[in-house]
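Top line first, the protein sequences correspond to chains A and B. Under the working numbering, the first residue of the first sequence carries the number 662, and numbering increases by one thereafter. Under the working numbering, the first residue of the second sequence carries the number 662, and numbering increases by one thereafter. What follows is a set of notes on a single structure, which appears directly below.
There are 2 protein chains.
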Amino acid sequence: MESLKEAREFFEKGYLEYRPNLTIECTIFGYDKGELKILLVKNKVIRKWCLPGGFIKKTENLDDAASRITAERTGLEKLFLKQFKAFGDVGRNDALDIFDEETFIELMGFKIEGDSWLVGETVSLGFYAISDIVNASPRADYLSEDCQWFRIDALPELGFDHNEIVSEALFRMRIDLYHFPIGKNLLQPKFTLKEIKMLYEVLSGKKLNATNFPNKLISLGLLAKLDEKRSIGGHRSPTFYKFNDEVYNKALKEGLVLA
Amino acid sequence: MESLKEAREFFEKGYLEYRPNLTIECTIFGYDKGELKILLVKNKVIRKWCLPGGFIKKTENLDDAASRITAERTGLEKLFLKQFKAFGDVGRNDALDIFDEETFIELMGFKIEGDSWLVGETVSLGFYAISDIVNASPRADYLSEDCQWFRIDALPELGFDHNEIVSEALFRMRIDLYHFPIGKNLLQPKFTLKEIKMLYEVLSGKKLNATNFPNKLISLGLLAKLDEKRSIGGHRSPTFYKFNDEVYNKALKEGLVLA
């Protein structure tokens, strides 16, 4: 939500539009030449950095809600997006108990009349997405005062149980790397084997073998060699590759084994 | 719930004890010498076979709720249990619209006064478990009229979206096989390489190499060779192995790569 009016409507009548007691939290990984980052928003109410998230509309499937939420924060659609775990430990919303009515009015600019539909414990469905950073345009909404990329190895202490959610997202994303193709929208349409190896090294946090790793991708049929080289002069100019769309899309659905 | 009294209390006052609009559905895989099965309950209300499931207590973490639900149906505790996906497509509860008040009274033995807390769409958290079949004792509860193992390749048409949940559980379990050790409570404490290979073949639905596969388990340190053979006479008696508990438990937490 982008304005005081929208925020107020959400707090007062959100139960008409959204499913109660259930949110989505998105760990949006950003890939930027050799660095892995995640996108965080500074929550106005608890004044801590948190994962971007939101409620799910009653008319919306879960994946669609996650796509909407990641698109709202990054400006990008059709990211690689996966649900990985629900978080529902008893007491995980206690962070919200710290503020009283006066503080709320001061922060948000309005008062909630009567009982809020937002009371009660909330379960969060964890999704992770992989985005490129260059084309993303991070945007805070009315409930947050800032929105920024943070290096995964230099995260601040997050609100709620969001540090745990990030750890689990990283753990699960790194398992999924072995089973789903990745790279569309992260690499240029034509890329060298060195470039795709670097992408996988950054995402997995592991050094990969310069020969075995690309050979595995090639033997799975994921990469197609182009009759074109990156011109860096001389006979060592690296050959360009592109993804084989058919194999790539099939593997996205059916999975593969890359090890 | 085991009795009319408990069922009635659940329908009338369950909102005091349970989280609303959220359930757990468990795909319990059963391993029985060369066959993969799953446990189904025949739902009294919609009269179809369904996954065993239930609501989550307000005082309970999600994993604990799933453990309780699987233990209630199988009689077994501490199964290999993993959350894999939440299911929340719009309209997934429409199957419940088929029956009127009279049918409900006839089936359940009581009438619901006033509005039920059970109306509204429900999101289901999918967990899968792996159990052995020999030691399990499947039990129906008051809401179901039967509880039985079915071969995975001969499932009936299930209620709600439970066929989809089973497909996803199978897909995810087969990915997890590459990343988490499995076999405790499914094999005897001492087993041969042929026996653990058969377990993995049944779970994965794939033929495995008789030498490479066990060698991989051994090289990961998961198996310890015993100075003891299964006596089948002659020099071909196969050697017994057991799991290395320390490596096994660490890998359960931190994951591994088995490929």
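Built from N, CA and C at the ideal position, the CB exists for glycine as well.
Report task. Closer than 8 angstroms by beta-carbon distance: list the chain A residues that pair up with residue 939(B), in chain order. Result -> Here chain B comprises residues numbered 662 to 920, so residue 939(B) is not present and cannot be evaluated.
Query - Outcome for residue 665(B) when other beta-carbon atoms lying within 10 angstroms are tallied against a minimum of 16 - result: The residue given as residue 665(B) occupies position 4 in the second sequence. Under this definition residue 665(B) is an exposed residue.
Report task. Could you pull the start and end residues of the alpha helix (DSSP H) that residue 909(B) belongs to? Result -> As a first step, residue 909(B) must be located in the second sequence, where it is residue number 248. Where residue 909(B) is concerned, the enclosing alpha helix (DSSP H) stretches over 906-915.
Query - Of the residues 764(A), 694(A), 776(A), the one placed nearest residue 673(A), counting alpha carbons only - result: To locate residue 673(A), count along the first sequence from 1; it is residue 12. Looking at the Cα atoms, 776(A) is the closest of the given residues.
Query - Under 7 angstroms from the C-beta of residue 817(B): neighbouring residues of chain A - result: Translated into positions along the second sequence, residue 817(B) becomes position 156. Simply none; closest approach about 25 angstroms.
Report task. Taking the CB atoms as reference points, tell me whether residue 838(A) and residue 884(A) lie closer together than 9 angstroms. Result -> Looking up residue 838(A) in the first sequence gives position 177. Looking up residue 884(A) in the first sequence gives position 223. Remark: C-beta atoms of residue 838(A) and residue 884(A) do not approach each other more closely than 9 angstroms.
Query raised in the report: Which whole runs of the alpha helix (DSSP H) in the segment 855-882 of chain A are 4 residues long or more, in chain order?
Result: Correct list: 873-880.
**Report entry** Contact set between the segment 833-852 of chain B and chain A, restricted to residues whose Cβ is under 7 angstroms from the partner
**Finding:** So the list reads 836, 839, 840, given in the order they occur along the chain.
Query raised in the report: Could you check where the beta strand (DSSP E) with residue 679(B) kicks off and where it finishes?
Result: Position 18 of the second sequence, counting from 1, holds the residue named residue 679(B). Unbroken beta strand (DSSP E) run through residue 679(B): 679-693.
Query raised in the report: Whole alpha helix (DSSP H) runs in the segment 705-766 of chain A with 4 or more residues, listed along the chain?
Result: 723-735
Query raised in the report: Within 9 angstroms (strictly less), CB to CB, does residue 875(B) reach chain A?
Result: As a first step, residue 875(B) is located in the second sequence; it is residue number 214 there, counting from the start. The Cβ of residue 875(B) sits no closer than 9 angstroms to any Cβ of chain A.
Query - Nearest candidate by alpha-carbon position, reference residue 889(B), set 877(B), 881(B), 898(B) - result: The residue given as residue 889(B) occupies position 228 in the second sequence. The shortest C-alpha separation from residue 889(B) is found at 898(B).
Query raised in the report: Just reading off the beta strand (DSSP E) that residue 884(B) is part of, what are its end residues?
Result: Start at 1 with the first residue of the second sequence, and residue 884(B) comes out as number 223. Note, residue 884(B): beta strand (DSSP E), 884-890.
**Report entry** Opening and closing residue of the alpha helix (DSSP H) in which residue 832(A) lies
**Finding:** Here residue 832(A) is taken as the residue at index 171 of the first sequence, counted from 1. Segment 823-837, the alpha helix (DSSP H) holding residue 832(A).
Query raised in the report: Any Cβ of chain A within less than 9 angstroms of the Cβ of residue 782(B)?
Result: Position 121 of the second sequence, counting from 1, holds the residue named residue 782(B). So yes, residue 782(B) belongs to the interface.
Query raised in the report: How many angstroms separate the CA atom of residue 753(A) from the CA atom of residue 740(A)?
Result: In the first sequence, counting from the first residue as 1, residue 753(A) sits at position 92. In the first sequence, counting from the first residue as 1, residue 740(A) sits at position 79. Going from the Cα of residue 753(A) to the Cα of residue 740(A) covers about 28 angstroms.
Query raised in the report: Going by beta carbon distance, what residues of the same chain come within less than 8 angstroms of residue 680(B), once the five residues before and after it are set aside?
Result: Along the second sequence, read from residue 1 onward, the residue named residue 680(B) stands at position 19. Once the five neighbours on either side are set aside, the close Cβ partners of residue 680(B) are 716, 717, 718, 719.
**Report entry** Cβ contact (3+ pairs, closer than 8 angstroms) linking the segment 862-882 of chain B and the segment 765-784 of chain B
**Finding:** no
Requested in this report: Sort out for me which residues DSSP pairs residue 812(A) with in a bridge.
Outcome: Locating residue 812(A) in the first sequence gives position 151, where the first residue counts as 1. In the DSSP output, where bridge partners are listed per residue, residue 812(A) has 698(A).
Query raised in the report: What does a CB cutoff of less than 7 angstroms around residue 696(B) pick up in its chain, not counting 5 residues either side in sequence?
Result: As a first step, residue 696(B) must be located in the second sequence, where it is residue number 35. If we look at residue 696(B) and ignore the five residues flanking it on each side, its Cβ neighbours are 812, 863.
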